[in-house]
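In my numbering, the protein residues as written are 1 to 367.
Next up, the structure:
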């Protein structure tokens, strides 16, 4: 039914469309102040649509360029619903599409910077948090193999890219569920990994220690390890250090680079020890990894070398003392020899005199 109504017999009257004469069910109302209500007889804005069901309250279809178009008079802001070419919802600022939503896949596109907690974002995503709470939470409930919680990627536009993956196998490997952090390169593969045990691998995806490096390490500063007395117990001197050093077998060698390419061994000749041989002499400096391969703590051999040097120096000093004693004895013998030589010379002189006297005596007897 169509008529004029205001709920009483006095004016002014509203233009209304209703469905029941006994119990008014207003379909549309146009107030005397120009406000229009659909589903309500008390509109609060120029167009007030009201419904008490979950169905769509507004449906507008257009065969033109846009289903719904709203633009401000200054031309700086506009809103499009249902672009017929793409089906996108578009929010435009001037001539730039600031925001669009694709209904087919749910993708959301942003033409400018997005600020959360700030009205002046300086990057594509700018999160400002003045409180002590966590700024960003990324949660994943799909524990698919190889999936990652977060991927950061940079591309050169020609197919090459560098990525950083965080969590759940991190998209780089699909052979296990984990909580790894990956840095990878499109051409060179995984460059660094932090596994769910806190082990860091550089040049390897399977770190067995807190830091596992496949390749060379360079430090421009000093590399130290804990050695404080307060950390240690069962402290004992090293015994037979020199004997152990003499038992070690130093060798020159080349790494099997072709067979173990993932280890990034250096090229050319090297020198060192064979861990299996050294383990028989100084097992304290040899470790066996979880993969069964052995490694050596070469720096720890310093203590053995120091004690071996002290032991060798003790032997050397003992030899020096013995030599000094022998020199002193030789000097004393020389002095004794000189005294004996003097006495012998005097004895020979006396003998010559005796011989001369005897010779003269014999001559007198003959006469």
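No residue lacks a Cβ here, since even glycine has one placed at the ideal position from N, Cα and C.
Taking the straight line between their C-alpha atoms, what separation do you get for residue 264 and residue 240? Counted from its first residue, the chain shown places residue 264 at position 264. Counted from its first residue, the chain shown places residue 240 at position 240. Approximately 37 Å, taken between the alpha carbons.
Would you mind sorting residue 201 into buried or exposed? The rule is 16 or more other CB atoms within 10 Å of its CB. Here residue 201 refers to the residue found at position 201 of the chain shown. With 16 or more Cβ atoms within 10 Å of its Cβ, residue 201 is classed as buried.
Have a look at 27, 45, 259 and 311 and flag the residue whose alpha-carbon is nearest the alpha-carbon of residue 237. Here residue 237 refers to the residue found at position 237 when the chain shown is read from its first residue. Residue nearest to residue 237 within the set 27, 45, 259 and 311 is 311 (criterion: CA-CA distance).
Assigned exposure category for residue 182 - 16 Cβ within 10 Å defines buried: Along the chain shown, one-based indexing puts residue 182 at 182. Buried.
Any idea if residue 175 is buried or exposed, counting beta-carbon neighbours within 10 angstroms, 16 or more meaning buried? Taking the first residue of the chain shown as position 1, residue 175 is located at position 175. Interpretation of residue 175 is limited by its pLDDT of 35, a score under 50 that renders its predicted location unreliable; the figure taken from the coordinates is listed afterwards. Exposed, since its Cβ has fewer than 16 Cβ neighbours within 10 Å.
Of the residues 252, 209 and 51, the one placed nearest residue 382, counting alpha carbons only: No answer is possible for residue 382: it lies beyond the span of the chain, which begins at 1 and ends at 367.
Contact check, residue 216 vs residue 207 under 8 Å by CB: the rounded distance? Indexing the chain shown from 1 puts residue 216 at position 216. Indexing the chain shown from 1 puts residue 207 at position 207. So it is not a contact: roughly 17 Å between Cβ atoms.
Can you tell me whether residue 37 is buried or exposed, with buried defined as 16 or more other CB within 10 angstroms of its CB? Indexing the chain shown from 1 puts residue 37 at position 37. Answer is buried; the Cβ neighbour count reaches 16.
Determine the extent of the alpha helix (DSSP H) in which residue 244 is found, giving its start and end residues. By one-based count along the chain shown, residue 244 stands at place 244. 241-247 is the extent of the alpha helix (DSSP H) around residue 244.
Taking C-alpha atoms, which residue in 344, 124 and 278 lies nearest to residue 297? By one-based count along the chain shown, residue 297 stands at place 297. Out of 344, 124 and 278, 278 has the C-alpha closest to the C-alpha of residue 297.
Take residue 245 and list the residues in its own chain whose beta-carbon comes closer than 7 Å to its own, dropping the five residues that flank it on each side. Numbered from its first residue, the chain shown carries residue 245 at position 245. Result list for residue 245: 304, 305 and 308, in chain order.
With 16 as the cutoff for other CB atoms within 10 Å, does residue 14 come out buried or exposed? Residue 14 sits at position 14 when you count from the first residue of the chain shown. So residue 14 counts as buried.
According to DSSP, is residue 332 helix, strand or coil? The residue given as residue 332 occupies position 332 in the chain shown. Residue 332: helix per DSSP, three-state reduction.
Classify residue 138 as helix, strand or coil using the three-state DSSP reduction. Locating residue 138 in the chain shown gives position 138, counting from the first residue. Three-state DSSP puts residue 138 in coil, outside helix and strand.
Does the separation of the CB atoms of residue 251 and residue 268 fall below 9 Å? Taking the first residue of the chain shown as position 1, residue 251 is located at position 251. Taking the first residue of the chain shown as position 1, residue 268 is located at position 268. No, they are not a contact pair.
Are residue 49 and residue 34 close, meaning C-beta to C-beta below 9 Å? The residue labelled residue 49 in the question sits at position 49 within the chain shown. The residue labelled residue 34 in the question sits at position 34 within the chain shown. No, they are not a contact pair.
Apply the 10 Å Cβ neighbour rule to residue 190 and answer buried if 16 or more other Cβ atoms are within range, or exposed otherwise. Taking the first residue of the chain shown as 1, we reach residue 190 at position 190. Per the 10 Å Cβ criterion, buried.
Cβ-based neighbour list, residue 122, same chain, cut-off 8 Å, excluding 5 preceding and 5 following: On the chain shown, residue 122 is found 122 positions in, with the first residue counted as 1. Closer than 8 Å at the Cβ level, and outside the excluded window around residue 122, lie 113.
Going straight from the alpha carbon of residue 256 to that of residue 192, what length do you get? Within the chain shown, residue 256 is the residue found at index 256, counting from 1. Within the chain shown, residue 192 is the residue found at index 192, counting from 1. Looking at the two C-alpha atoms, the distance is approximately 23 Å.
Provide the residue span of the beta strand (DSSP E) that contains residue 213, from first to last. By 1-based counting over the chain shown, the position of residue 213 is 213. Start and end: 211-213.
Given a cut-off of 9 Å, decide if residue 275 and residue 225 are closer than it, judged by their beta-carbon atoms. Taking the chain shown and counting its residues from 1, the one referred to as residue 225 is at position 225. Taking the chain shown and counting its residues from 1, the one referred to as residue 275 is at position 275. For residue 225 and residue 275, no; Cβs fall outside 9 Å.
Nearest to residue 242 (by Cα), restricted to the options 280, 288 and 313: Along the chain shown, read from residue 1 onward, the residue named residue 242 stands at position 242. Comparing Cα positions, the closest option is 313.
Spell out the partners DSSP gives residue 327 in its beta bridges. As a first step, residue 327 is located in the chain shown; it is residue number 327 there, counting from the start. Partner(s): none; residue 327 has no beta bridge.
Looking at the structure shown, is residue 282 part of a helix, part of a strand, or coil, going by DSSP? Mapped onto the chain shown, residue 282 falls at position 282. Here residue 282 sits in coil by DSSP.
Start-to-end residues for the beta strand (DSSP E) that takes in residue 131: In the chain shown, residue 131 corresponds to position 131, counting from 1. Here residue 131 belongs to no beta strand (DSSP E), and DSSP marks it neither H nor E.
If you draw a straight line from the alpha carbon of residue 32 to that of residue 51, how long is it in whole angstroms? As a working mapping, residue 32 is identified with position 32 in the chain shown. As a working mapping, residue 51 is identified with position 51 in the chain shown. Spanning the two alpha carbons is a distance of roughly 22 Å.
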